[in-house]
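Heads up: the sequence lines are chains D and G, in that order.
Here the first sequence is numbered in my numbering, starting from 33 and rising by one per residue.
Here the second sequence is numbered in my numbering, starting from 33 and rising by one per residue.
Below is one structure, written out as structure tokens; comments come after it.
Number of protein chains: 2
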Amino acid sequence: MEIITSIREMQRWSEARRRERKIIAFVPTMGFLHEGHLSLVREGKRRGDVVVVSIFVNPIQFNQPSDFATYPRNVEQDRRMLEAIATDVLFLPEAAEMYPPGFQTTVEVETVSRPLCGAFRPGHFRGVATVVTKLFNIVKPHLALFGEKDFQQCVVIRRMVQDLNFDLEIITMPTVREPDGLAMSSRNARLSPAERQSSLCLSRALRKAQEVVRQGERRSAVILQVVRDEIAKEPQVRIEYATLANPETLEDVAEVAGPTLLALAAWVGEVRLIDNCILQ
Amino acid sequence: MEIITSIREMQRWSEARRRERKIIAFVPTMGFLHEGHLSLVREGKRRGDVVVVSIFVNPIQFNQPSDFATYPRNVEQDRRMLEAIATDVLFLPEAAEMYPPGFQTTVEVETVSRPLCGAFRPGHFRGVATVVTKLFNIVKPHLALFGEKDFQQCVVIRRMVQDLNFDLEIITMPTVREPDGLAMSSRNARLSPAERQSSLCLSRALRKAQEVVRQGERRSAVILQVVRDEIAKEPQVRIEYATLANPETLEDVAEVAGPTLLALAAWVGEVRLIDNCILQ
Numbered sequence: 033m034e035i036i037t038s039i040r041e042m043q044r045w046s047e048a049r050r051r052e053r054k055i056i057a058f059v060p061t062m063g064f065l066h067e068g069h070l071s072l073v074r075e076g077k078r079r080g081d082v083v084v085v086s087i088f089v090n091p092i093q094f095n096q097p098s099d100f101a102t103y104p105r106n107v108e109q110d111r112r113m114l115e116a117i118a119t120d121v122l123f124l125p126e127a128a129e130m131y132p133p134g135f136q137t138t139v140e141v142e143t144v145s146r147p148l149c150g151a152f153r154p155g156h157f158r159g160v161a162t163v164v165t166k167l168f169n170i171v172k173p174h175l176a177l178f179g180e181k182d183f184q185q186c187v188v189i190r191r192m193v194q195d196l197n198f199d200l201e202i203i204t205m206p207t208v209r210e211p212d213g214l215a216m217s218s219r220n221a222r223l224s225p226a227e228r229q230s231s232l233c234l235s236r237a238l239r240k241a242q243e244v245v246r247q248g249e250r251r252s253a254v255i256l257q258v259v260r261d262e263i264a265k266e267p268q269v270r271i272e273y274a275t276l277a278n279p280e281t282l283e284d285v286a287e288v289a290g291p292t293l294l295a296l297a298a299w300v301g302e303v304r305l306i307d308n309c310i311l312q
Numbered sequence: 033m034e035i036i037t038s039i040r041e042m043q044r045w046s047e048a049r050r051r052e053r054k055i056i057a058f059v060p061t062m063g064f065l066h067e068g069h070l071s072l073v074r075e076g077k078r079r080g081d082v083v084v085v086s087i088f089v090n091p092i093q094f095n096q097p098s099d100f101a102t103y104p105r106n107v108e109q110d111r112r113m114l115e116a117i118a119t120d121v122l123f124l125p126e127a128a129e130m131y132p133p134g135f136q137t138t139v140e141v142e143t144v145s146r147p148l149c150g151a152f153r154p155g156h157f158r159g160v161a162t163v164v165t166k167l168f169n170i171v172k173p174h175l176a177l178f179g180e181k182d183f184q185q186c187v188v189i190r191r192m193v194q195d196l197n198f199d200l201e202i203i204t205m206p207t208v209r210e211p212d213g214l215a216m217s218s219r220n221a222r223l224s225p226a227e228r229q230s231s232l233c234l235s236r237a238l239r240k241a242q243e244v245v246r247q248g249e250r251r252s253a254v255i256l257q258v259v260r261d262e263i264a265k266e267p268q269v270r271i272e273y274a275t276l277a278n279p280e281t282l283e284d285v286a287e288v289a290g291p292t293l294l295a296l297a298a299w300v301g302e303v304r305l306i307d308n309c310i311l312q
């Protein structure tokens, strides 16, 4: 596996591969990799000729400095994991190269960035859209892979790619879960053993909601009450939002008619976790 | 000359040229072409293997609907002019293809978009940065050419290219003027004969400023008074701004020390014109 830290060198590498008509698959990450990321890399290898993974903890998408400071990092472990699944290139830029003095350009996807996480993390999706635009221009992929655990991010990126005419395909892959149901997330590493146990109420709440919908319930208010009741059983867990929304526009829905996104965010101690599923 | 109206087809064309290792030069325009545009196309042909010109009157960069409505258009004449100088492709998209329903993504270059024209045309440079990002992703050029008459636009685009890591070179070319000094602009076509005559005070004011600087004057206030006095001689002309600024940051300067941008905007009847020069 080649490790590239320079933007210019990454562009040269990708340009050379494109001339050889190689299909470049790209998995942008913030590192501290888990099986969720690896499933994206494997799918990238399956669909592309070469796969590039970036690791960059993007400062401008963190709305809280403490979250940025405590975001888990372990590049050496990440490197070994990527090497083991035959990643072609690890792109590992420094923040000073990505955001040199005078940097002042932002990309914003307006409507779909607003609800859900956007309402609680001002500037977050602007930071995501901006860094992903940069990474697309640097890595020049034919396809880019994102995990559906970050469902709103997938919607934002798809919309951005369409609106700005990036000539590439976005592929999203299902959330990978721990055997007990917790959605894999780099932030899970920050949970204490007790918090780790409490956090199971999130995936349990999603399953309960799926159950009541299977039994015929369609009213959002009723379904969301089931979700809130389940999470309320864990006093350590503080719900930030639980919403039923149209999975394309992310607008709230009053009823489940057709595929509906159930998205939730909650604080488990000092750690903010998100999870989601599609109902019906 | 090939005329391409579809985004997808333009991307395919450019991708094929890049695989053949052809250097693609790109001149984005809003049409109603004049010698200023043609100088960009000729320089593009000189530096590239193929040259693509786009004509698209971009609705989102007009802050006044009436300016958009009255912006001069003549695609048939433009086509003939481009054909005559052996342009390879004219990219001519429809507004409905560039901005389909649900479009919601914007690109903003924050600091350098704020002063000068940015202060009087809210949203203008956001519209420019957004459409140029789209066009770069559609035409995939190795180099793109812009005219220095739109000096602030050149600064905004250069900054955007650097910040978003577009892998292409920006080339700017000097303002082309009519024999009597008026900077060429598509909007000149909207001037009445009397207004056309009055508008000469703009280039005359620039020349006067250059003269007093040559004679040793360094104080911005004094130089700008010379500019204002010259323009005041034409009662039909209403100055919008006249500013001395750092040509890289576009920040106001109190003194001319090193190369300094003198930029001005003025209304001649219903027509807004801009002009600029570099002092010293």
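For every residue, glycine included, the Cβ atom is placed at its ideal position computed from N, Cα and C.
Here the structure is a predicted model, which means the values were calculated and not measured.
- For the stretch 84-99 of chain D, no residue has a beta-carbon sitting nearer than 7 Å to a beta-carbon of chain G.
- Contacts with chain G at 8 Å (Cβ-Cβ) do not include D:R190.
- Per DSSP, the continuous alpha helix (DSSP H) segment holding G:G68 begins and ends at 67-79.
- By the criterion of a C-beta distance shorter than 7 Å, G:D212 is surrounded in its chain by L232, once the five residues flanking it on both sides are discounted.
- Among the residues facing chain G, D:F157 is not included, as its CB has no counterpart in that chain under 8 Å away.
- If the five residues before and after D:A151 are omitted, its C-beta is found closer than 8 Å to the C-beta atoms of Y273, all from its own chain and listed in chain order.
- Counting the other CB atoms within 10 Å of its CB gives G:G134 a total below 16, which places it among the exposed residues.
- Within the stretch 132-144 of chain G, the residues whose Cβ lies closer than 9 Å to any Cβ of chain D are, in chain order, P132, G134, F135, Q136, T137, T138, V139, E140, V141, E142, T143, V144.
- Separation of G:S98 and G:A161 (C-alpha to C-alpha, rounded to the nearest whole angstrom) is 21 Å.
- The C-alpha of D:L311 is placed about 46 Å away from the C-alpha of G:R49.
- Closest by C-alpha distance to D:E75, out of D:V171, D:M42, D:R51, D:I202, is D:I202.
- By the C-beta density criterion, D:T37 is exposed, having fewer than 16 other C-beta atoms within 10 angstroms.
- When the beta-carbon positions are compared, D:N308 and D:F157 stay at least 8 Å from each other.
- With 16 or more neighbouring CB atoms inside 10 Å of its own CB, G:G80 falls in the buried class.
- DSSP, reduced to helix, strand and coil, places D:M205 within a strand of the structure shown.
- The beta-carbon distance between D:E142 and G:Q136, rounded to whole angstroms, is 4 Å. This is short enough to meet the 8 Å contact definition.
- For G:I39, a Cβ of chain D is located within less than 8 Å of the residue's own Cβ.
- G:I310 is bridged by DSSP to G:L293.
- For G:I170, the enclosing alpha helix (DSSP H) covers residues 156-171.
- Measuring C-alpha to C-alpha distances from G:L293 to each of G:V187, G:N220, G:E262 identifies G:V187 as the nearest.
- Runs of the beta strand (DSSP E) lying entirely within the stretch 106-162 of chain D and spanning at least 3 residues, in chain order: 121-123, 137-141.
- Around G:V285, the same chain offers S252, L276, A277, N278, T292 as residues with beta carbons nearer than 8 Å, after the five sequence neighbours per side are excluded.
- Boundaries cannot be given for G:A221, as no beta strand (DSSP E) includes it and DSSP labels it neither H nor E.
- In this structure, G:I92 keeps its C-beta atom at 8 Å or more from the C-beta atom of G:G179.
- Around the beta-carbon of G:Q247, fewer than 16 other beta-carbon atoms lie within 10 Å, marking it exposed.
- Partner residues in a beta bridge of D:D261, as assigned by DSSP, do not exist.
- In this structure, DSSP gives G:E272 an extended state, which the three-state scheme calls strand.
- For G:S98, the enclosing alpha helix (DSSP H) has its first and last residue at 97-102.
- About 5 Å separates the CB atoms of D:A221 and D:P104; that is less than 8 Å, so the two are in contact.
- Against G:F198, the close residues of chain D are N169, in the order they occur along the chain (beta-carbon pairs closer than 9 Å).
- Counting other Cβ atoms within 10 Å of its Cβ, G:Q109 stays below 16 and is therefore classed as exposed.
- Short of 7 Å from the beta carbon of G:L122, and not among the five residues preceding or following it, lie these beta carbons of its own chain, in chain order: M33, I35, V85, I87, R111, L114.
- Secondary structure note for G:A57: its beta strand (DSSP E) is the uninterrupted segment 56-61.
- Scanning chain D for C-beta atoms nearer than 7 Å to the C-beta of G:K54 yields nothing, as the closest lies near 11 Å away.
- When beta bridges are read from the DSSP output, D:S86 appears opposite D:P60, D:F123.
- Look at G:A241 here: in three-state DSSP terms it is helix.
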